[in-house]
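Take a look at the structure set out below.
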Amino acid sequence: MTTINTLSRDVSLQKLNTFGIAAQAKLFLPVIELAQLQAVRNDPSLSQLPRLILGGGSNLVLSDQIDALVLHMCLQGKKLTSDDADFYYVTAAAGENWHEFVQWTLAQGWPGLENLSLIPGTVGAAPIQNIGAYGVEIQDVFHSLEAFDFATGEVVTLDKAACLFSYRDSIFKQSLRDRMVILNVTFALPKMWHPRLAYADVMKWLEQAQIQQANALQISQAIIAIRQAKLPDPQLIGNAGSFFKNPVVSASIRHALLAQYPDLVSYLQPSGDFKLAAGWLIEQTGWKGRSLGAAGVYEKQALVLVNRGHATGAEVKLLAQTVQSDVLKKFGVELEIEPNFY
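For the sequence shown, position 169 (counting from the first letter as 1) is numbered 169 according to UniProt numbering, and the numbering increases by one without interruption.
What follows is the structure in C-alpha cells.
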C-alpha cells in the first residue's frame, strides 16, 4: 500500500487560495495518486477527520485556522480518450490547471471550451461549481467524470444526469459534498462546432479586431482580453472572481423593478424568468470601490470582492453579508454567494 508520508502539519495555505488569506491547515496532503486517498480512508486516525478538498483555491474563502485534513488535488495528465462522428472525448486529471487545459484543447484543434478561457482553478473543481461564462457552462460540454467515494472506497463514474447540474451548482455541492473526490473529467467537444457569440462584449471586441468569421482560438483571445480588462489578477490582488450569483427573478418582479429602475440590467431566460446583473445591483447601492476593513469591492467590477491587504476570512464574510443586506434593502432581491466558506 502507498504510504502517506507526505502528510504535513501546520501548513500555510496563503499561496494556495486566490484570495491570499493567511490560513493555516492542521494537516495537509498533496494528492498525486489515487492510492493516497485509499490510504487516508483506510487509516483510522485520518478517515474520521473533517476534510477540505482543495483544487486551485479559486472558489474558496478560508478562515484563519483550518482544523481539518486538507487534500490538495495535484493529479496530472490529459489526453484524447476517444472520438466518434460527433465528438472528441478529452479527459483531464483533476489537478490540471483549467485555463491551461482549455488552451491545450484549442491548440489540438478541439474547440468547445473557448468561452471558458481564463477562469481560474482546476479541472476537478470545474464540475463542482458548474463553472460558466459568456453563454457556456460545464454541463454544455460535459461527458462524465471519475470520483473516489470515501464512503465505499470505490472509484465511480458519473454521467451528466448523475451530476445534477444547475446554475453554479451540482450534486458535489449538495449530497456528495465531502464524500466524493473528483479524479478526472471527460469532455465531449463537438466536431461540428458553432461559435457562441451571444454577449455584446465579445462581439464588440471581434469587431474592433476586424474579425468577421471568428474561430475558436480568436473567441478565446477575445474573452481573455475582456476578462483581463474587467477582473483583477489574483497574483496581484487577492480575489475569488465573481463573488455573487446573478439572481433569477420572475417576469413580474423584473417588470416592477424596471418601472422603478429603468436602467436595470436583465437577461431573459428560457424559462421566461429574468437573470439580473448582480454587479449592477451592487453598484447601485454605492459599494463599488468601497472597503470594509481590508476587504473591498473591486473598483472596475462590483461583482468581485478583493483582498486589499491581509484580509481575513471573517472580514470577507462581513463585507459579503453587508453587500447582500444593502441589495436586499434597496431592491428586495437576495444575492447568493458563489464561493464556499471554510
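Cβ coordinates follow ideal geometry from the N, Cα and C atoms, glycine included.
- The Cβ atoms of leucine 189 and phenylalanine 87 lie closer than 8 Å to each other.
- The C-beta distance from serine 117 to isoleucine 223 rounds to 5 Å, short enough to fall under 8 Å.
- In this structure, the CA atom of isoleucine 53 is about 15 Å from the CA atom of isoleucine 171.
- According to the DSSP assignment, asparagine 42 belongs to the alpha helix (DSSP H) that extends over 34 to 42.
- Pairing glycine 272 with arginine 308, the inter-Cα distance amounts to about 40 Å.
- About 16 Å separates the beta carbons of valine 265 and tryptophan 287, which is beyond the 8 Å limit, so they are not a contact pair.
- Counting every other CB atom within 10 Å of its CB across the protein chains shown gives glycine 289 a total below 16, marking it as exposed.
- Excluding the 5 residues flanking it on each side, methionine 203 has same chain C-beta neighbours closer than 8 Å at Leu197, in chain order.
- Cβ neighbours of isoleucine 32 within its own chain (closer than 7 Å, five residues either side excluded): Cys74, Leu75.
- In the three-state reduction of the DSSP assignment, glutamate 146 falls in the strand class.
- Contact annotation: phenylalanine 243 and isoleucine 138 have beta-carbon atoms that are not nearer than 8 Å.
- Taking 3 residues as the minimum length, the beta strand (DSSP E) runs contained wholly in the segment 64 to 111 are 65 to 73, 78 to 83, 87 to 93, in order along the chain.
- Counted as a single uninterrupted DSSP element, the stretch harbouring methionine 192 is not any beta strand (DSSP E), since DSSP gives it neither H nor E.
- One thing to note: leucine 49 has its Cβ no nearer than 8 Å to the Cβ of alanine 23.
- Ranked by Cα distance from arginine 168, the first of Leu7, Ala161, Gln65, Ile128 is Ile128.
- Threonine 157 counts as exposed, since fewer than 16 other beta carbons sit within 10 angstroms of its beta carbon.
- In the assembly as shown, glutamate 334 is an exposed residue. Its beta-carbon has fewer than 16 other beta-carbons within 10 Å.
- Distance from the CA of tyrosine 89 to the CA of proline 262, rounded to the nearest whole angstrom, comes to 46 Å.
- DSSP lists Val306 as the beta-bridge partner residues of asparagine 239.
- By the CB criterion at 8 Å, leucine 29 and leucine 71 fall inside the cutoff.
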